[in-house]
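According to our numbering, the sequence shown is numbered sequentially starting from 2. We put the beta carbon where it would ideally sit given N, CA and C, even for glycine. Worksheet for the structure shown next.
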Amino acid sequence: MRGQRAFLIRCTMALVLAMPIGVAAQQKATEKVALVVINTTAGRMVVELYNETPLHRDNFLKLVREGYYDSTLFHKAIPGFMIQGGDPDSRTADHDTMLGNGGPGYTLPAEIKPGLYHRKGALAAVREPDQDNPERRSNGSQFYLVQGRKWYADDLAKLEDQRNEGRPDSLQVHYAPEDVRTYELEGGAPHLDGNYTVFGQVLEGMDVLDRIAGLLCDGYDRPLTDVRMWMRVME
């Protein structure tokens, strides 16, 4: 059954790619999209913020404009997975300080939206685990950028079955052919889909993301070489 589904997904990809742009896509093309520059000691990235996640978008823009992230670290880097930053405690932390618990003192309601997936370059919000945070509320400032790896149709079909078993329809994740193609060509971390709020995407500087993810780290995944960031909104 799984093999048949993967085969059908592959067969319909060409049809999907040839279809005209839908109304929703046309509307999105006319919307103003917020862009943020993330300058780091390892290079420059540009991210777009999704209008589908307005609470996270507006909070991120507010913090960027306040200089909240300036001089903070990417304090975690796991190759083939993600890089993480946004802990204000990292600004003055020495190399013996455990990081990852800081924030602005508030959380945000989850905005987990269908179709906003953990493709490579996804900007997503850090949160506490389900047992402590059943509503999946996001940390007010910490975020991660996905590096991930390539996944193929059979892998995603198996992942769908495992994740959706026993879940109500409203919480299930089903990949459209174009999503499968994205994971095949670009990679990502689909095992996180439906569990964390994805609120943006890297548009420029994917090589910088790869560079940071590939740094040597200590036993807590903190890079041995500090990577600091400074952000600004592209007005």
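- prompt: For P191 versus W231, is the C-beta spacing smaller than 7 Å?
  reply: no
query: Near E53, what residues of its chain come up, given a Cβ to Cβ distance below 7 Å and the 5 sequence neighbours on each side ignored?
result: K114, L117
- prompt: Helix, strand or coil: how does DSSP classify P110 here?
  reply: coil
6 Å Cβ shell around I84 - same chain, five flanking residues per side excluded: F75, A78, L146, I213, A214
message: Output needed for E32: all residues of its chain with C-beta closer than 8 Å, excluding positions within five of it in sequence on either side, in chain order.
response: N52
Alpha carbon of A19 to alpha carbon of E179, nearest angstrom: Only weak support exists for where A19 lies, its pLDDT of 40 falling under 50; the coordinates are left without a value.
message: Given a cut-off of 7 Å on the beta-carbon distance, is the pair R150 and G188 in contact?
response: yes
query: Skipping 5 residues on each side, what residues in its chain have a beta carbon closer than 6 Å to that of M46?
result: I39, V203, G206, V209
task: Report all residues from its chain with a CB closer than 7 Å to the CB of D222; omit the five preceding and five following residues, and keep chain order.
output: K77, A78, I79
- request: Kindly indicate which residue of R229, L124, N102 has the alpha-carbon position closest to the one of R58.
  value: L124
task: Indicate the three-state DSSP secondary structure (helix, strand or coil) for S142 in the structure shown.
output: strand
- request: Can you tell me which of the three DSSP states E129 falls into?
  value: coil
message: Can you check which of these residues, Y184, V234, V48, is closest to F200 by C-alpha distance?
response: V48
- prompt: Quick one: is G220 buried, meaning 16 or more other Cβ sit within 10 Å of its Cβ, or exposed?
  reply: exposed
- prompt: Under a Cβ-count criterion, where at least 16 other Cβ atoms within 10 Å of its own Cβ denotes burial, should Q132 be classed as buried or exposed?
  reply: exposed
task: Assign T42 to one of two classes, buried (16 or more other C-beta atoms within 10 Å of its C-beta) or exposed (fewer than that).
output: exposed
field: For L124, three-class secondary structure by DSSP
entry: strand
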